[in-house]
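Here's the structure we're looking at; comments come further down.
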Amino acid sequence: MTVSRRELLVGTAVLAGASALPIRAPLAQGTAPVSLPQLSVLDARQTLTFALEAVAGQNEFIGGVPSATLGFNQPYLGPVVIVPAVAAVRAEVRNRTQQTISVHWHGLLVPGDVDGGPHQPIAPGATWLPTLPIDQKRATLWFHTHVHGATAEGVYAGLAGVLLVDDGLDRQRGLPAALGIDDLVLVIQDKRLDRVGRAIYEPTAGDKMHGFLGDTILVNGARTPVASVPPGVVKLRLLNAANARNLDLFFDDGRPIHIVASDQGLLPVPIMVDRLRLAPGERTEILVDFGDEGSAILMSHPHDEGSGASGMGHDMAGMGMGGMVANEERFTEPFAVATFRPVRDLPVAVRSLPETLGTEDQPAAEPVGTRQFVLDDMGNLVAPVDLLDALRRANTSDHAGHAMSMPGMAMPPAAALGEADPVFGINGAPFDMARIDFDVALGTTERWIVGGEMMGHPFHVHGARFRVLRDKDGEPRPENRGWKDTVFVDGELELLVEFSAAAPSTAPFMFHCHVLEHEDRGMMGQYTVSA
Ligand code: C2O
Ligand code: CU
Ligand code: CU
């Protein structure tokens, strides 16, 4: 299985005119189109074990201009790891970089001690050996570094990969399932390139308040690539791995998008939309019909940060930190993400859309209680000492020359606040590694009401899955149907959160905003799950 799949991937790359290791190949200068790089595959379905090695390297986002990057098993980003839906899988994570990392399995419903969050750091040179007791629905998940105060810089540098929970039944469901042919993984990010074309991470005051937005869109590390697809129905697994950018996707020719899966797995039936919002941390699986053999460009509208529960919204955010600071969006018009070009030589497995996806809508238990969360986005909270320490550590870890400027950090926190980083929080308190915010009961569900103040936030919960009960305008948007683990909270949302994995106080689960600049600056909390 491993070998033939591997060969298929290489075969596709050759057909598409790309090298077998396209992520390392220099991108063409100027406007010459580059083929969609296929991420390498680590198939653990039979072996029940896989190994990741975090390494420092270089990637050319523009041909001939190397940027310092980090990656897993390769210079930039990581592989697509495939695990079974029910099995104990042993992971081996070695840190060969110069900085502390962690590997959080975003969306995997495993206990807190193997979740890979800020409480399971991996020091330079160290190896982490968690066994993951996987038991959940087939889904497109991902993994990334999650060291408190250093997540934004680490993910930006490339410490992120894809994790597929696979039950082997997609073909029976009538879904395309040939990975790299009619089942494509697209990791979408943005980078800010300097004048010579190097990716830089130097957040401005606006970036710290609103999240860091890039000016260059990458898919699997390549700028607006071209993907060769069979002239039939194709499945796209989309991951928004950007630090802060909301994607709002559509096809240039108005081609319909059929949503088949949300963060935590398949919907009961496909939902057709012409526009698809995907916030940082979210995944969606869509079907697109290329049976007409016409090419289409996947586009996105410019970033829209939404509005908080206050309704003040948009450019008002930032007033808490001494005046208005606007976000740094450079796009004023819709921009291209990737082009899809049907190629007759590629085999068509699926010619028509399935009517149902063979999954029951799984009802959740009645909630045992309600909690309210206000995401404090004014930036005017006072940092706990450990947050300042973490930020200082992140600041001095000068890998890749991406130093963050942190004026005033030597001063006492209160005095430093006026000119240093904004400090965010949840319910009035910035994240504190030493404080557990609450405990929930294993096997129960709770109703969570979540809202921001000035802008929208992608809210993510570790170790749990949830349904959106109520969206900004009532019924959940199409993107927010099904089981999720991350949702864009624009206005106030009501969630039904299901806790199926335990987390002790030594290894609590996080809940946080997935705008990484917000998360690193305190918009995060932690909870335990007790039997
Ligand atoms: Cu994708 Cu707590 O993270
Ligand atoms: Cu997570
Ligand atoms: Cu946020």
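In the working numbering, the protein residues as written are 1 to 531.
No residue lacks a Cβ here, since even glycine has one placed at the ideal position from N, Cα and C.
What you are looking at is a predicted structure, and each value in this text was computed from that prediction instead of being measured.
Which residue marks the beginning of the alpha helix (DSSP H) containing residue i, and which one marks its end?
| i | result |
| --- | --- |
| V155 | T151 to A157 |
| L516 | L516 to D520 |
| A338 | Here A338 belongs to no alpha helix (DSSP H); instead the beta strand (DSSP E) covers F335 to P342. |
| K208 | A205 to H210 |
May I ask which residues mark the beginning and end of the beta strand (DSSP E) holding residue i?
| i | result |
| --- | --- |
| E446 | T445 to G452 |
| G161 | A160 to D166 |
| R470 | A464 to R470 |
| S300 | A296 to S300 |
| G525 | M524 to S530 |
| D190 | D183 to L193 |
| T486 | T486 to V489 |
| D421 | Neither: D421 is in no beta strand (DSSP E) and is coded neither H nor E. |
| M510 | F509 to C513 |
| F370 | It should be noted that the sequence gives Thr, not Phe, for residue 370. Start and end: T370 to D376. |
| P458 | H457 to V461 |
Look up residue i in the DSSP assignment and say whether it is helix, strand or coil.
| i | result |
| --- | --- |
| A178 | coil |
| N427 | coil |
| D135 | strand |
| D437 | coil |
| M316 | For M316, the predicted structure reports a pLDDT of 49, less than 50, and the residue's modelled location is therefore unreliable. A value from the coordinates is still provided. If DSSP states are grouped into helix, strand and coil, M316 belongs with the helices. |
| P37 | coil |
| N327 | coil |
| P363 | coil |
| V350 | coil |
| I23 | Interpretation of I23 is limited by its pLDDT of 38, a score under 50 that renders its predicted location unreliable; no figure is taken from the coordinates. |
| V497 | strand |
| A403 | Residue confidence is low: A403 scores 36 on pLDDT, short of 50, so the model does not pin down where it sits. Its coordinate-derived value is still stated next. The answer is coil: DSSP assigns A403 none of H, G, I, E or B. |
| E479 | helix |
| D170 | coil |
| D345 | coil |
| D43 | strand |
| V385 | helix |
| V55 | strand |
| G474 | strand |
| L141 | strand |
| T332 | coil |
| T356 | coil |
| E492 | strand |
| A199 | strand |
| T49 | strand |
| A502 | coil |
Say yes only if the C-beta of residue i is nearer than 7 angstroms to one or more non-hydrogen atoms of ligand 5, and no if none qualify.
| i | result |
| --- | --- |
| G281 | Of the ligands one can find in the structure shown, namely ligand 1, ligand 2 and ligand 3, none is ligand 5. |
For this session: Say whether the stretch 428 to 438 touches the stretch 271 to 290, bearing in mind that this needs 3 or more beta-carbon pairs closer than 8 angstroms, one atom from each stretch.
Result: no
Exercise. Would you call the stretch 221 to 232 and the stretch 249 to 262 in contact, with 3 or more CB pairs under 8 angstroms?
Worked result: no
For this session: Scan the stretch 60 to 120 and note each continuous beta strand (DSSP E) run of 3 residues or more that stays entirely inside, going in chain order.
Result: 65 to 72, 80 to 84, 86 to 95 and 104 to 106
For this session: Assess, as a yes-or-no matter, whether the stretch 362 to 382 is touched by the stretch 176 to 189 under the definition of 3 or more beta carbon pairs within less than 8 angstroms.
Result: no
Exercise. Do the stretch 144 to 154 and the stretch 61 to 69 touch if we need at least three Cβ pairs shorter than 8 angstroms?
Worked result: no
For this session: Give, in chain order, every unbroken run of the beta strand (DSSP E) that is at least 3 residues long and sits entirely within the stretch 212 to 291.
Result: 216 to 219, 226 to 229, 233 to 240, 247 to 251, 257 to 262, 265 to 273, 276 to 278 and 283 to 289
Exercise. If you pair each beta-carbon of the stretch 365 to 378 with each one of the stretch 184 to 199, do three or more pairs fall below 8 angstroms?
Worked result: no
For this session: Let me have the residue list for ligand 3: C-beta closer than 5 angstroms to any non-hydrogen atom, ordered along the chain.
Result: H457, C513, V515 and H518
Exercise. Are the stretch 72 to 81 and the stretch 120 to 129 touching, with three or more C-beta to C-beta distances below 8 angstroms?
Worked result: no
Exercise. Ligand 2: which residues have Cβ under 7 angstroms from any of its heavy atoms, chain order?
Worked result: H104, H106, G107, H460, H462, D485 and M510
Exercise. Would you call the stretch 270 to 282 and the stretch 492 to 499 touching, i.e. three or more CB-CB distances under 8 angstroms?
Worked result: no
Problem set entry | Contact between the stretch 467 to 486 and the stretch 256 to 269 (3+ Cβ pairs under 8 angstroms) | yes
Exercise. Is there contact here, the stretch 266 to 277 with the stretch 450 to 465, by at least three beta-carbon pairs under 8 angstroms?
Worked result: no
Exercise. Are there three or more Cβ pairs, one per stretch, closer than 8 angstroms when the stretch 323 to 336 is compared with the stretch 202 to 211?
Worked result: yes
Problem set entry | the stretch 225 to 241 / the stretch 333 to 353 touching (three or more Cβ pairs under 8 angstroms) | yes
Exercise. Touching or not, the stretch 461 to 470 and the stretch 96 to 110, by the rule of three or more beta carbon pairs under 8 angstroms?
Worked result: yes
Exercise. Contact between the stretch 135 to 143 and the stretch 161 to 178: three or more CB pairs below 8 angstroms?
Worked result: yes
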